[in-house]
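In the working numbering, the protein residues as written are 561 to 832.
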């Protein structure tokens, strides 16, 4: 496993795609900050430390459209290299080979969210300077550092679902197009189907509430609502699952996806 991790880390350092995708995410966060700050009633929610929570909320909200590109291409494109056949024909190393790439991609997501925090801190400082407010008052009883850490791991955990989905699809179908398409397409399809099922009422509405997107959205919106008193990113529906339920449900989905990928990779005979 250590050797595979070193190999994937070397790939990460020499590939431009992760850097480009992170830059796109940072640009989106900065632009949304600019847009929200144009409304006077929302500016107080962008001042430190609330602005950091908003930045992480944005990082999680766009995860379904950013990280599947990296995860799907990372796992799927490996099958175009002749060396993967030598690696995967050694059965004891097949699982380690697949999991090492997934670990590195998840680490990249964490690094990207740290940079999102940096951009959020800069944007929050600019908004604070413009509104003559250095810091905002955190919610009662909340520690600023604890608030940001809690939201960071919530954003990373929600993003991890789309990473694992696209990575598993790319590995199972041995195609970067399949990984990217299933990762992003699944997010779009969930949004469309959830809207239709919600309009149809029960039992269809109840089914939609158990879609992965419902749990990722509920996790981040409830965390934001718990940590940021008001604002456009802290809206919670009465139908949203609790933080604990969202964590457990996403863990089940993640386990199913990783289990399917491991089972296919372990049993598949790579001959072409």
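Ideal Cβ placement from N, Cα and C applies to all residues, glycine included.
{"Check": "Residue 763 versus residue 570 - alpha carbon distance", "Outcome": "49 Å"}
{"Check": "Helix, strand or coil at residue 605 according to DSSP, with G and I counted as helix", "Outcome": "helix"}
{"Check": "Meets three-Cβ-pair contact criterion under 8 Å: the segment 709-722 and the segment 802-814", "Outcome": "yes"}
{"Check": "Test item: CB-CB of residue 631 and residue 665 under 8 Å", "Outcome": "yes"}
{"Check": "For residue 769, the first and last residue of its enclosing alpha helix (DSSP H)", "Outcome": "Element bounds for residue 769: n/a, residue is neither H nor E."}
{"Check": "Residue 801 versus 709, 820, 822 and 778, residue with shortest Cα-Cα distance", "Outcome": "778"}
{"Check": "Residue environment, residue 635, which counts as buried when at least 16 other CB atoms sit within 10 Å", "Outcome": "buried"}
{"Check": "Cutoff 7 Å; reference residue 806; Cβ partners in own chain excluding five residues on either side", "Outcome": "775, 778 and 779"}
{"Check": "Cβ pair residue 748, residue 688 closer than 8 Å", "Outcome": "no"}
{"Check": "Same chain, Cβ closer than 6 Å to residue 701, neighbours up to 5 away in sequence not counted", "Outcome": "Note that residue 701 has pLDDT 40, beneath the 50 cutoff, so the model's placement of it is unreliable and no number is given."}
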